[in-house]
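If you read the sequences in order, they're chains A and B.
Counting from 1, one number per residue, gives the positions in the first sequence under UniProt numbering.
Counting from 1, one number per residue, gives the positions in the second sequence under UniProt numbering.
Cβ atoms here follow ideal geometry from the backbone N, Cα and C, with glycine treated the same way.
These notes are about the structure you will find just below.
2 protein chains.
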Amino acid sequence: MGETQFPEVQGGGSLILAWQIRNKRVLVVGGGEVAAGRILNVLNADAKVTVVSPREGLNPEVAYRIEKGQVDYVDRKFEPSDLDNVDMVLTAVDDPEASSQIWKLCKERKIAANIADVPPECDFYFGSVHRDGPLQIMVSTNGKGPRFANIVRRSIAEQLPANTGEAITKVGKLRQMLRKVAPGIEEGPKRMAWMIKVSDAYSLEDLCAMDEKDMETLLRFYAPDQVPRYGCLKAMEGELDAFDGSFGFCVGWG
Amino acid sequence: MGETQFPEVQGGGSLILAWQIRNKRVLVVGGGEVAAGRILNVLNADAKVTVVSPREGLNPEVAYRIEKGQVDYVDRKFEPSDLDNVDMVLTAVDDPEASSQIWKLCKERKIAANIADVPPECDFYFGSVHRDGPLQIMVSTNGKGPRFANIVRRSIAEQLPANTGEAITKVGKLRQMLRKVAPGIEEGPKRMAWMIKVSDAYSLEDLCAMDEKDMETLLRFYAPDQVPRYGCLKAMEGELDAFDGSFGFCVGWG
Numbered sequence: 001m002g003e004t005q006f007p008e009v010q011g012g013g014s015l016i017l018a019w020q021i022r023n024k025r026v027l028v029v030g031g032g033e034v035a036a037g038r039i040l041n042v043l044n045a046d047a048k049v050t051v052v053s054p055r056e057g058l059n060p061e062v063a064y065r066i067e068k069g070q071v072d073y074v075d076r077k078f079e080p081s082d083l084d085n086v087d088m089v090l091t092a093v094d095d096p097e098a099s100s101q102i103w104k105l106c107k108e109r110k111i112a113a114n115i116a117d118v119p120p121e122c123d124f125y126f127g128s129v130h131r132d133g134p135l136q137i138m139v140s141t142n143g144k145g146p147r148f149a150n151i152v153r154r155s156i157a158e159q160l161p162a163n164t165g166e167a168i169t170k171v172g173k174l175r176q177m178l179r180k181v182a183p184g185i186e187e188g189p190k191r192m193a194w195m196i197k198v199s200d201a202y203s204l205e206d207l208c209a210m211d212e213k214d215m216e217t218l219l220r221f222y223a224p225d226q227v228p229r230y231g232c233l234k235a236m237e238g239e240l241d242a243f244d245g246s247f248g249f250c251v252g253w254g
Numbered sequence: 001m002g003e004t005q006f007p008e009v010q011g012g013g014s015l016i017l018a019w020q021i022r023n024k025r026v027l028v029v030g031g032g033e034v035a036a037g038r039i040l041n042v043l044n045a046d047a048k049v050t051v052v053s054p055r056e057g058l059n060p061e062v063a064y065r066i067e068k069g070q071v072d073y074v075d076r077k078f079e080p081s082d083l084d085n086v087d088m089v090l091t092a093v094d095d096p097e098a099s100s101q102i103w104k105l106c107k108e109r110k111i112a113a114n115i116a117d118v119p120p121e122c123d124f125y126f127g128s129v130h131r132d133g134p135l136q137i138m139v140s141t142n143g144k145g146p147r148f149a150n151i152v153r154r155s156i157a158e159q160l161p162a163n164t165g166e167a168i169t170k171v172g173k174l175r176q177m178l179r180k181v182a183p184g185i186e187e188g189p190k191r192m193a194w195m196i197k198v199s200d201a202y203s204l205e206d207l208c209a210m211d212e213k214d215m216e217t218l219l220r221f222y223a224p225d226q227v228p229r230y231g232c233l234k235a236m237e238g239e240l241d242a243f244d245g246s247f248g249f250c251v252g253w254g
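Shown next, in the form of structure tokens:
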């Protein structure tokens, strides 16, 4: 067996994960600008958030989230009992000694933690994230250039089709429509194989441009297990001007 | 204070994280195709990996990694003691009952775990990751379309400048060179502010195209706290054909 047939280990990276903290309790220690960013991060992932920070240290955004009831709030400095029943801890305070103490307590209790600005006291780092509905794209430079990560994220966001997030929802809808057209459990493998064919046949731009009518037309090709090209699909919808009369340019057309 | 000045909470996302598992112990239960992918993921992040799986269930890639000593190997089914001193658990076995049992044990011991194909029994999901040296880009559709994530990842990889990963290393090098040119601790804030100006002034394409000579020329602008445009930089390097004789198009040129 040739050694080269398997991907080589690259090393030096992080394990990039989509952490599930929906309805989990996240403790944020500190109420400054960095804390404000962390709080938004975890609220966007549907966490239940407790902020511990003396009121005089609150930045306006944190104060706003407290006032709106988006987070629970404890108006004092951190105390060890704050860690009870907590699933994740994020600290952002200008007190290295207190931070280090919190990190040690978290490790004793096996709670995942990020001590801002102290890389060795972090189970995980944050990166620069582009969000578009169900789509999340995270850029990490593994600590080598946080501002560079922002540049790359902006460049990616500019180049993606405008409605990429929406396209994910549409593909999900296509899958649902397919289940209605071909509901049988025994159809499962054929359904899955056909959806894979669809994914392979269309570019990101095609998928983003697809509308409900296109999807209905496309579903007619499930029974014969075929996937016409996007231009072909459009042509069949009566836009025959764009259609040269032959089906030769259709992918999988029998 | 207007409410609209702060970003609105979007909800429904994951918390995308760069997990640090360098030299941490990851237990992989199972030795099939999914396990092979997981193993490569964690090896790329420099984890120490133990694979538990009867030898007859090993896929060729997993067998190869065992043979090469890239992972530690236990030739039997999972036993609870396998969880001792383990920081993360990934299971990929075709046995829902055994998987569920492992998940429960992990939760009792507060070990982060991913049970393949059982979303409710996952602390985290994997996504589609593009890797280019220090750069990692992760695409997640939050479970809405894993194949769509691959399409987006491929599209991003195609559109990024070819040497984007290398450019991160170069920006890191520029930072090092700057510390030699202006080593004082008291220069810290000016150095940081100037690096931010550099990041803001250049496009991703500029940064990817920059060579060592460009960086040396650029560093001459640190003292006056300026950042010339990339075309201007090239012009000053004797490529005067491309230079129109005026410095009017230079950013921050006093």
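Neighbourhood of residue i by C-beta distance below 6 Å, restricted to the same chain and skipping five residues each side
{"i": "V74(A)", "result": "V52"}
{"i": "residue 255(A)", "result": "The requested residue 255(A) is not part of the displayed model; chain A covers only 1 to 254."}
{"i": "A36(A)", "result": "N59, E61 and V62"}
{"i": "A47(A)", "result": "I21, K24 and V26"}
Interface residues of chain B facing residue i [CB-CB closer than 7 Å]
{"i": "N44(A)", "result": "V9, Q10, G11 and G13"}
{"i": "T141(A)", "result": "P134, L135 and I168"}
{"i": "L233(A)", "result": "Here the premise fails: no neighbours, minimum Cβ distance about 17 Å."}
Chain D residues whose Cβ lies nearer than 8 Å to that of residue i
{"i": "S199(B)", "result": "Considering every chain present, this structure includes no chain D. Its protein chains are A and B."}
Rounded separation between residue i and residue j - CA only
{"i": "L174(A)", "j": "M215(A)", "result": "6 Å"}
{"i": "P7(A)", "j": "G133(A)", "result": "32 Å"}
{"i": "L160(B)", "j": "I102(B)", "result": "41 Å"}
{"i": "G57(A)", "j": "D206(B)", "result": "40 Å"}
{"i": "R229(A)", "j": "P120(B)", "result": "37 Å"}
{"i": "M192(B)", "j": "Q5(B)", "result": "27 Å"}
{"i": "K197(A)", "j": "Q176(A)", "result": "16 Å"}
{"i": "K77(B)", "j": "R25(B)", "result": "18 Å"}
{"i": "I185(A)", "j": "V118(A)", "result": "52 Å"}
{"i": "F221(A)", "j": "V227(A)", "result": "6 Å"}
{"i": "G145(A)", "j": "S199(B)", "result": "10 Å"}
{"i": "M236(A)", "j": "K213(A)", "result": "11 Å"}
{"i": "L15(B)", "j": "G31(B)", "result": "28 Å"}
{"i": "A45(B)", "j": "G238(A)", "result": "52 Å"}
{"i": "W19(B)", "j": "Y125(A)", "result": "6 Å"}
{"i": "Q155(A)", "j": "S155(B)", "result": "Residue identity check: residue 155(A) is Ser in the sequence provided, not Gln. If I take the Cα positions, the gap works out to 13 Å."}
{"i": "T91(A)", "j": "K68(A)", "result": "22 Å"}
{"i": "S100(B)", "j": "I115(B)", "result": "8 Å"}
{"i": "V29(B)", "j": "R109(B)", "result": "17 Å"}
{"i": "A98(A)", "j": "I137(A)", "result": "33 Å"}
{"i": "A157(A)", "j": "R131(A)", "result": "9 Å"}
{"i": "T217(A)", "j": "Y202(A)", "result": "15 Å"}
8 Å Cβ cut-off: residues of chain B touching residue i
{"i": "C122(A)", "result": "Q20"}
{"i": "G172(A)", "result": "K144 and G145"}
Same chain, Cβ closer than 7 Å to residue i, five either side skipped, listed in chain order
{"i": "M210(A)", "result": "K170"}
{"i": "C208(A)", "result": "P161, N163, T164 and A167"}
{"i": "residue 299(B)", "result": "Summary: the structure shown does not reach residue 299(B), with chain B confined to residues 1 through 254, and so no result is reported for it."}
{"i": "V152(A)", "result": "V139"}
{"i": "P80(B)", "result": "L105"}
Segment limits, alpha helix (DSSP H) that includes residue i
{"i": "V28(B)", "result": "From DSSP, V28(B) is part of no alpha helix (DSSP H) but of the beta strand (DSSP E) over R25 to V29."}
{"i": "I102(B)", "result": "P96 to E108"}
{"i": "R131(A)", "result": "Premise fails: R131(A) lies in the beta strand (DSSP E), S128 to D132, not in any alpha helix (DSSP H)."}
{"i": "V62(B)", "result": "P60 to E67"}
{"i": "Y230(A)", "result": "Y230 to M236"}
{"i": "D75(A)", "result": "Premise fails: D75(A) is in no alpha helix (DSSP H) and is neither H nor E."}
Range covered by the beta strand (DSSP E) that runs through residue i
{"i": "K113(B)", "result": "As written in the sequence, residue 113(B) is Ala, which differs from the Lys given in the question. Taken as a continuous stretch (DSSP letters only), the beta strand (DSSP E) holding A113(B) covers A112 to I115."}
{"i": "Q10(A)", "result": "Careful: Q10(A) lies outside any beta strand (DSSP E) and carries neither H nor E."}
{"i": "V51(A)", "result": "K48 to V52"}
{"i": "A18(B)", "result": "L15 to W19"}
{"i": "S140(B)", "result": "L135 to S140"}
Residues that residue i contacts on chain A, provided the C-beta gap is smaller than 7 Å
{"i": "F221(B)", "result": "Under the 7 Å cutoff, chain A gives no residues; its nearest Cβ is about 18 Å from F221(B)."}
{"i": "L218(B)", "result": "By Cβ distance, chain A contributes nothing, its closest Cβ being about 15 Å from L218(B), past 7 Å."}
{"i": "M210(B)", "result": "Chain A residues near M210(B): none, gap ~12 Å exceeds 7 Å."}
Chain-order list of residues whose beta-carbon lies under 8 Å from that of residue i (same chain, five-residue window excluded)
{"i": "A149(A)", "result": "G127, S128, V139, S140 and T141"}
{"i": "L43(A)", "result": "V49, R65, Q70 and V71"}
Per-residue contacts from residue i into chain A (C-beta, under 9 Å)
{"i": "N163(B)", "result": "Near N163(B) there are no residues of chain A at all, since even the closest Cβ is about 13 Å away, more than 9 Å."}
9 Å Cβ cut-off: residues of chain B touching residue i
{"i": "Y125(A)", "result": "L17, A18, W19 and Q20"}
{"i": "N23(A)", "result": "Those do not exist, as N23(A) stays about 12 Å from chain B at its closest Cβ, beyond 9 Å."}
{"i": "Q226(A)", "result": "Ordered by position in chain B, no residue passes the 9 Å Cβ test against Q226(A), which lies about 18 Å from the chain."}
Where residue i meets chain A, residues with beta-carbon distance less than 8 Å
{"i": "V129(B)", "result": "I16"}
{"i": "V34(B)", "result": "None at all; the shortest Cβ gap to chain A is about 15 Å."}
{"i": "M215(B)", "result": "Within chain A, no residue comes near M215(B); the closest Cβ sits about 14 Å away, beyond 8 Å."}
{"i": "M236(B)", "result": "Those do not exist, as M236(B) stays about 23 Å from chain A at its closest Cβ, beyond 8 Å."}
**OP:** Give, in chain order, every residue of the segment 100-118 of chain A whose Cβ lies closer than 9 Å to some Cβ of chain B.
**Re:** R109, K110, I111, A112 and N114: these are the residues of the segment 100-118 of chain A whose beta carbon lies less than 9 Å from some beta carbon of chain B, given in chain order.
Original post:
Which of the residues in the segment 52-69 of chain B, read from start to end, lie with their CB under 7 Å from any CB of chain A?
Top reply: Residues P60, E61 and Y64.
Original post:
Which of the residues in the segment 175-191 of chain A, read from start to end, lie with their CB under 9 Å from any CB of chain B?
Top reply: R175
Original post:
Of all the residues that make up the segment 76-90 of chain A, which are near chain B by a beta-carbon distance shorter than 7 Å?
Top reply: none
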